[in-house]
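*Asks:* Sending over a structure as structure tokens; questions will come in a sec.
Chains as they are written, first to last, in my numbering: chain A, 1 to 243; chain B, 244 to 1046; chain C, 1047 to 1128.
Written out as structure tokens, the structure reads:
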């Protein structure tokens, strides 16, 4: 596990667990067994006693609190989020996947909101993503314009923000991934949920917090169909190693 | 009580007069509403299998792989390396007809509870759905809502739905069928049962509070006893997958810590069945304090509390000293956890209310309901079934038109618009997702969400502020490819574990064939499951079933049932696949008064649905059913009979399917499947598909258009003596497979075939029939279709039905 | 004293409401041609212990609605104290 060590120390990753999180174990498995990191769960009722314990934190997918009010809304108001905000403010790397993305939006760590998919249905399928900004910890091993294959599985992934905010997001290079076709063309047909500008993943201004609708943990081994998701985790690992 | 009133009460409780008298004998007096409620629930067809029990005993249920057979919440088979697989299928037909979204959702919730009650983490779901005719105005509504309900529950629980079937037929216009299957994984020593409770142990209620959900006849009957009481309506059961997810994690955590002695979920007949069955299985009695049961609806009566079918609840028994620890775990997960009683030596359940003894009921008498050997008679319609003389029917003028009608028929067409509403990739175990003929799953380790002690996590030893990205340093060696990074091929946990092992799943039923001949139809259903598993490279291991029939009190239905069981028994014995769990759903019929005032009863066709689980040694070798590359060679393995009896072709084109279906030669079938499995394991074939509904044409066309990454075609030349083109192309369930191979592999295949036939004393035929092409489906000189057009129709037919 | 408050949450005018759109199209195809628009929203009932000071609860409900029950970016809310 050479990659995952800093000197002789392992990289520490934390995974938040809310009631209703259900990709927590998938992310745990990927980070621990596929990438060899030192991984631990962070219970939603806890506070992060010491942010320095973690090199990065993943907010995994699922249906936190059943997504009963709005996707991610209740989790965004639970105890752990204050600590996560502090962690983000101090530069900690946070990746929110699917429901984790929704939670980041609801918590205000990222801008915008998620609406119900334009089909009004849950959509589970394989999509293609175009990389727009390789200058983040999550994409530093990728090239702008390259295309990744990854699964989505969500009911509310229709990203919305006001026009002005979209412009600001783009100006700040916070638009990281767009849904595209297999050849990298960003088309209406390639948009699985009605997202504005085919937005699939965005980051904050400091690039240390990213939300992503598709599931990189489900695309981390050949056996499950794609290893393109591994490129995102490997970027984070490499970034941390190079600090 | 007057006779009329008696009759009304019995009718509402679903008991016969004889049963009522038997109850009176047992308790030595006329039962009151509470006693009647308990007996009628436990003596219902659903709980005590009174019409089916005698016949179910004939099914093979044992074998070297079986750890726990029928009788528990779910069956258990040995998966090697100390692992076991736990699975079961169950129907939720009636509730889904009343309220399709919630009915389907709670069906999925119920079957998952059956599996995790046993200590297993659910890892995959399947379902089998039957809806009415496409022209029926409510079919789109039922289809859309059932699919949404299944997705709602399964997706939220985080259990992938990896396969299933959707069938439309007018016989389901008034009785839709929703059968749900769950499979879970556990350690052999981590299995939990409803038996083993010891005297003095604490009885614990966990999960959602009890409300008026799903209380049937008993409540209404009770209004008769006390007319002053406000009229109250039982409500539809509402599923709360979020609570069930918490219940799953809390139960597994308590199990892992060995705090649970025995456990049973509150499914049908809720607290009644769970308490009586647990007492019975433990050969003990129980004290239940009704005041301690958490209630959602205030002022529920004792019988309402006992019969409520509120979801997401469990009854468990623990050692007295462990109660506090259990309570702590459930509190952590924000769930109710209440000690509601204890285990006693005498085999009675003593109910308390207001600190006083309220009722005492005998465990054995309540649990051991009546068993009937109901009359059976061959149905009259069978006389109309005549052997097919295909010569009487002209050949189609344009095969292309017929071929398209078949492949665009929603019973054949892709179910992608359905399964894309299910999360099939969560769990990162799905190796072959929906879209091939069966699902292939690997098994990676699972972790409980144990929260580590922060102190034990090593400090990363740097100032967090130093990793604020700001400007990203461009990693110097970024041109080093991703492949350099060690992505371990690791699918197993322990050292000795067979790390690439997996399991293969699919579910099948064919009610039209079962209507024509329930014996042959049931054999076909089992055979079809085994074929799909063999084609993927797996070995069939065990079965669970849902036997959906009309009223067993109708001798013709009973005949269908007995014949189905006979077919199931013969086929399961042949494939060495014991039936380790399952359920029977009778009374799938609806009476209506027609225009002339006559009572019309619409009964479903006999619909035994089979789910089969197989093993595969190396999931990397799993074979899918669709073609892979232009230029690959296509072979037919097996023999063609050209029997169109009962086929979709006869039904669609000639409007007459009342002919006997193909009888499967099981001895030949076993060898044929062994051969196909061998080809997969040798890595010789790139695709393998059996011939099912729609016949050879559909098998070929599907293989060409179902590849998710590219569009392909196929060119075939195939002639069999004495079989005309329609029989060749559209005859169903033929004992043959279509396989494709890389171009220069033909000799290997022939060689393998020769060796196989010698060593197995078999006679498996291998025919080269054509090759995979770019964009056209061309068969003999009869069919020529553009692949892109077929693909479009194939994927949009079901979408067009959905709301 | 316990008072009941009703909060109605709807999507803002400028935000596309796919559910409303779907309901509208069903209504139109069912012949209800007079229907011009449909917005689908949420109806939330709160039961609040008011203590003696009933004036404060309006502010409290407003705060709850802003911070939890609605997402101000995409939703509006309406409060009614019963």
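The C-beta atom is built at its ideal place from N, Cα and C for all residues, glycine as well.
Tell me the rounded alpha-carbon separation between residue 401(B) and residue 41(A).
*Replies:* Numbered from its first residue, the second chain carries residue 401(B) at position 158. Numbered from its first residue, the first chain carries residue 41(A) at position 41. Cα-Cα distance, rounded: 17 Å.
*Asks:* For residue 407(B), report the span of its beta strand (DSSP E) as first-last.
*Replies:* As a working note, residue 407(B) is residue 164 in the second chain. Per DSSP, residue 407(B) belongs to the beta strand (DSSP E) from 404-411.
*Asks:* Look at the alpha carbon of residue 287(B) and the alpha carbon of residue 258(B), and state the distance between them as a whole number of angstroms.
*Replies:* Taking the first residue of the second chain as position 1, residue 287(B) is located at position 44. Taking the first residue of the second chain as position 1, residue 258(B) is located at position 15. Roughly 8 Å separates the two Cα atoms.
*Asks:* Let me see if you follow: with CB-CB separation under 7 Å, is residue 128(A) close to chain B or not?
*Replies:* For the purposes of this step, residue 128(A) is taken as the residue at position 128 of the first chain. Not closer than 7 Å to any Cβ of chain B, the Cβ of residue 128(A) fails to qualify, so no.
*Asks:* Given this structure, state the Cα-to-Cα distance separating residue 893(B) from residue 887(B), to the nearest angstrom.
*Replies:* One-based indexing of the second chain puts residue 893(B) at position 650. One-based indexing of the second chain puts residue 887(B) at position 644. Between residue 893(B) and residue 887(B), the C-alpha separation is close to 7 Å.
*Asks:* Short check: CB of residue 370(B) to CB of residue 423(B), under 7 Å?
*Replies:* Numbered from its first residue, the second chain carries residue 370(B) at position 127. Numbered from its first residue, the second chain carries residue 423(B) at position 180. Yes, the pair counts as a contact, with Cβ atoms nearer than the cut-off.
*Asks:* Starting from the N-terminal side, write out each stretch of the beta strand (DSSP E) that is 3 residues or longer and does not extend beyond the segment 349-420 of chain B.
*Replies:* Complete beta strand (DSSP E) runs here, min 3: 364-374, 404-411.
*Asks:* Which residue comes first and which comes last in the beta strand (DSSP E) that contains residue 878(B)?
*Replies:* Here residue 878(B) refers to the residue found at position 635 when the second chain is read from its first residue. Residue 878(B) -> beta strand (DSSP E) spans 876-881.
*Asks:* Quick one: Cα of residue 1086(C) to Cα of residue 1056(C), how far?
*Replies:* On the third chain, position 40 is the one that residue 1086(C) refers to. On the third chain, position 10 is the one that residue 1056(C) refers to. Rounded to the nearest angstrom, the two C-alpha atoms are 7 Å apart.
*Asks:* Just the chain A side, please: which residues come within less than 9 Å of residue 833(B) by C-beta, in chain order?
*Replies:* Along the second chain, read from residue 1 onward, the residue named residue 833(B) stands at position 590. Neighbours of residue 833(B) on chain A: none; closest Cβ ~30 Å, over 9 Å.
*Asks:* Closer than 7 Å by beta-carbon distance: list the chain A residues that pair up with residue 488(B), in chain order.
*Replies:* Working through the second chain from its first residue, we reach residue 488(B) at position 245. Going along chain A in sequence order, the residues near residue 488(B) (Cβ under 7 Å) are 20, 22.
*Asks:* When the cut-off is 7 Å and only beta carbons count, does residue 66(A) lie next to chain B?
*Replies:* As a working mapping, residue 66(A) is identified with position 66 in the first chain. Yes - at least one Cβ of chain B is within 7 Å of the one on residue 66(A).
*Asks:* Tell me which residues share the same chain as residue 536(B) and place their Cβ nearer than 8 Å to its Cβ, disregarding the 5 neighbours each side in the sequence.
*Replies:* Within the second chain, residue 536(B) is the residue found at index 293, counting from 1. Only 448, 453, 514, 548, 581, 583 meet the Cβ criterion.
*Asks:* On the three-pair Cβ rule with 8 Å, is the segment 96-104 of chain A touching the segment 210-218 of chain A?
*Replies:* The segment 96-104 of chain A vs the segment 210-218 of chain A: in contact.
*Asks:* For a test of the three-state rule: what should DSSP assign to residue 293(B), helix, strand or coil?
*Replies:* Taking the first residue of the second chain as position 1, residue 293(B) is located at position 50. Here residue 293(B) sits in coil by DSSP.
*Asks:* Please classify residue 868(B) as buried or exposed, where buried requires at least 16 neighbouring CB atoms within 10 angstroms.
*Replies:* Locating residue 868(B) in the second chain gives position 625, counting from the first residue. Burial call: buried.
*Asks:* Determine the DSSP secondary structure at residue 211(A), reduced to helix, strand or coil.
*Replies:* For this step, residue 211(A) is matched to residue 211 along the first chain. Strand.
*Asks:* Rank 558(B), 491(B), 534(B), 397(B) by C-alpha distance to the C-alpha of residue 505(B) and give the top, closest one.
*Replies:* Taking the first residue of the second chain as 1, we reach residue 505(B) at position 262. Selected option, being the one with the closest Cα: 558(B).
*Asks:* Verify the CB distance criterion: does residue 116(A) have a CB-CB separation below 7 Å to chain C?
*Replies:* Position 116 of the first chain, counting from 1, holds the residue named residue 116(A). Chain C contact via Cβ: present.
*Asks:* Please list, in chain order, all residues of the same chain as residue 985(B) whose beta carbon is under 7 Å from its beta carbon, the five residues on each side excluded.
*Replies:* The residue you call residue 985(B) lines up with position 742 of the second chain. The residues are 875, 929.
*Asks:* Here's the rule I'm using: 16 or more other beta-carbon atoms within 10 Å means buried, otherwise exposed. How should residue 1051(C) be labelled?
*Replies:* Counted from its first residue, the third chain places residue 1051(C) at position 5. It is buried - the Cβ of residue 1051(C) has at least 16 other Cβ atoms within 10 Å.
*Asks:* Rounding to the nearest angstrom, what Cα-Cα distance links residue 475(B) and residue 1054(C) in this structure?
*Replies:* What you label residue 475(B) is simply residue 232 of the second chain in a count that begins at 1. What you label residue 1054(C) is simply residue 8 of the third chain in a count that begins at 1. The predicted model places residue 475(B) with a pLDDT of 49, which falls under 50 and marks its position as unreliable, so this point remains unresolved.
*Asks:* Residues bridged to residue 430(B) by DSSP?
*Replies:* As a working note, residue 430(B) is residue 187 in the second chain. DSSP, once it has assigned bridges, lists 326(B) as partnering residue 430(B).
*Asks:* Once DSSP output is grouped into helix, strand and coil, what is the label at residue 286(A)?
*Replies:* The shown model of chain A, from 1 to 243, leaves out residue 286(A), and the question about it has no answer.
*Asks:* Go to residue 1128(B), then tell me how far its beta strand (DSSP E) extends in each direction, as first and last residue.
*Replies:* Because chain B is modelled from 244 through 1046, residue 1128(B) falls outside the range shown and cannot be assessed.
*Asks:* State the Cα-Cα distance for the pair residue 596(B) and residue 340(B), rounded to the nearest angstrom.
*Replies:* If you number the second chain from 1, residue 596(B) lands on position 353. If you number the second chain from 1, residue 340(B) lands on position 97. Computed Cα separation, rounded: 36 Å.
*Asks:* Does the beta carbon of residue 1064(C) sit closer than 7 Å to a beta carbon anywhere in chain A?
*Replies:* Position 18 of the third chain, counting from 1, holds the residue named residue 1064(C). At least one chain A Cβ lies under 7 Å of residue 1064(C).
*Asks:* Relative to the alpha-carbon of residue 1111(C), which residue among 1126(C), 1097(C), 1100(C) has its alpha-carbon at the smallest distance?
*Replies:* One-based indexing of the third chain puts residue 1111(C) at position 65. It is 1126(C).
*Asks:* Which same chain residues end up closer than 7 Å to residue 728(B) when comparing Cβ atoms and leaving out the 5 residues on each side of it in sequence?
*Replies:* Stepping through the second chain from its first residue, residue 728(B) is reached at position 485. Note that residue 728(B) has pLDDT 41, beneath the 50 cutoff, so the model's placement of it is unreliable and no number is given.
*Asks:* Determine whether the Cβ of residue 584(B) lies closer than 7 Å to any Cβ atom of chain A.
*Replies:* As a first step, residue 584(B) is located in the second chain; it is residue number 341 there, counting from the start. Chain A contact via Cβ: absent.
*Asks:* The alpha helix (DSSP H) with residue 337(B) in it runs from where to where?
*Replies:* As a first step, residue 337(B) is located in the second chain; it is residue number 94 there, counting from the start. Segment 336-341, the alpha helix (DSSP H) holding residue 337(B).
*Asks:* Compile a chain-ordered list of the residues in the segment 138-168 of chain A whose CB is closer than 8 Å to at least one CB of chain B.
*Replies:* Taking 8 Å as the Cβ-Cβ cut-off against chain B, the residues of the segment 138-168 of chain A that qualify are 140, 141, 151, 153, 155.
*Asks:* Using a Cβ-Cβ distance cut-off of 7 Å, determine whether residue 104(A) contacts chain C.
*Replies:* Your numbering for residue 104(A) matches position 104 in the first chain. Judged by the 7 Å Cβ criterion, residue 104(A) is not in contact with chain C.
*Asks:* What are the partner residues of residue 532(B), as DSSP defines its beta bridges?
*Replies:* Locating residue 532(B) in the second chain gives position 289, counting from the first residue. Answer is 595(B).
*Asks:* DSSP three-state call for residue 946(B): helix, strand or coil?
*Replies:* The residue you call residue 946(B) lines up with position 703 of the second chain. DSSP places residue 946(B) in helix when its eight states are reduced to three.
*Asks:* By the 10 Å Cβ neighbour count, where 16 or more other Cβ atoms means buried, how is residue 260(B) classified, buried or exposed?
*Replies:* Stepping through the second chain from its first residue, residue 260(B) is reached at position 17. Flag for residue 260(B) reads exposed.
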